[in-house]
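*Asks:*
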Amino acid sequence: MFSYIKSGFRSTLNQPFSVLVLFLYRFGWGVALYKLAQSYILPILHRYPNVEGLEAQSHLFLAEAQFVLLKTDVSHSVLWLLAGLLVARMLLTPLLNAGLLYSLSNPHYNAGYRFVRGIKELWKSYALLYAGQTLLTLLPLWWILPRMKTAFLSARTYPEMASELLPLLALLLGYSFVVRLLFLYLQLGRASSRSMGRSLGIALQSLPMMLGVAVLLLLAASLCSLAVLGSTIAWAGFWMLVLYQAYRFIQTLFSVWGIASQQEIYRTRAER
1 MFSYIKSGFR STLNQPFSVL VLFLYRFGWG VALYKLAQSY ILPILHRYPN
51 VEGLEAQSHL FLAEAQFVLL KTDVSHSVLW LLAGLLVARM LLTPLLNAGL
101 LYSLSNPHYN AGYRFVRGIK ELWKSYALLY AGQTLLTLLP LWWILPRMKT
151 AFLSARTYPE MASELLPLLA LLLGYSFVVR LLFLYLQLGR ASSRSMGRSL
201 GIALQSLPMM LGVAVLLLLA ASLCSLAVLG STIAWAGFWM LVLYQAYRFI
251 QTLFSVWGIA SQQEIYRTRA ER
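Under UniProt numbering, the residues of the sequence shown are numbered 1 to 272, in order.
#1: Distance check for residue 157 and residue 79, CA to CA, integer angstroms please.
#2: Could you say if the stretch 97 to 107 and the stretch 166 to 173 meet the contact criterion of at least three C-beta pairs nearer than 8 Å?
#3: Kindly indicate which residue of 93, 245, 262, 20 has the alpha-carbon position closest to the one of residue 229.
#4: Just curious, the alpha helix (DSSP H) that residue 199 is in, first and last residue?
#5: I need the DSSP call for residue 15, collapsed to helix, strand or coil.
#6: Got a sec: is the Cβ-Cβ distance from residue 28 to anything in chain B below 9 Å?
#7: With DSSP as the reference, label residue 264 as helix, strand or coil.
#8: Where does the unbroken alpha helix (DSSP H) through residue 192 begin, and where does it stop?
#9: Tell me whether the beta-carbon of residue 256 lies closer than 9 Å to the beta-carbon of residue 7.
#10: Go through its chain and collect everything with a Cβ distance to residue 15's Cβ below 8 Å, but skip five positions before and after it.
#11: State the start and end residues of the unbroken alpha helix (DSSP H) segment that holds residue 139.
#12: Go ahead and label residue 266 buried or exposed: buried means 16 or more other beta carbons lie within 10 angstroms of its beta carbon, across all protein chains shown.
#13: Less than 8 Å between C-beta atoms, sequence neighbours within five positions excluded: which residues of the same chain meet that for residue 133?
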């Protein structure tokens, strides 16, 4: 297991162009969401009554906000903007996946060339695979959402509600995690010109190793995130802002590292 992680890390270091592109994409996405929150949420917060004000003022603020949201169309522009951002993300994700996975599967080409070539050659098939992954990920909601609604309405206390909802959420997250990994192997197969049946067989045969590597790297990335979060609480200032932006790069590195480790598993099993 650790040999795949080490090989994946070495492969990640050979992907400077892909890592840089994904980092700039994440950074740009973060800036867009920050500007959106700054434009719409901060003006609302400025209208919130003073902490030392009367409790009636807070109730009046909430009643006014509820009236504006439900009885006017002021939220429509925000919802349309969020929908546009979501569509843009869904369109860009298959393109970036195509460039990254083709680059990992064809290290003999020039770094920038193989990334662009992967997008040109694979974007259509990757878009279809991404649509299938999204559909399968959302499919269990028709079964889970009614049960979550029932648990929410029938619970008398917050601990009781949590005991009903958390297992359902954990089940949904675990299912989504496995679906994402299976479709990753289908994408790796497409990048290396192997059939979907062959790639799915490799994924099922490698399922314990695949999950083990993914969980280990996820835990490492989570520990890194907790360390950065703790630093932001204990140490605020300019250098903390620099550290947070550097963490975005580390986060991207972990993401590529996880995919590269899975590619090493796929390549090894495919060559047997």
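Quick reminder that beta carbons are idealized off the backbone N, C-alpha and C, glycines included.
*Replies:* Short version:
#1: 32 Å
#2: no
#3: 245
#4: 196 to 205
#5: coil
#6: The displayed structure is made up of one protein chain only, and chain B is not part of it.
#7: helix
#8: Premise fails: residue 192 is in no alpha helix (DSSP H) and is neither H nor E.
#9: no
#10: 100, 103, 104, 111, 256, 260
#11: Unbroken run through residue 139: none, as it is neither H nor E.
#12: buried
#13: 179, 180, 183
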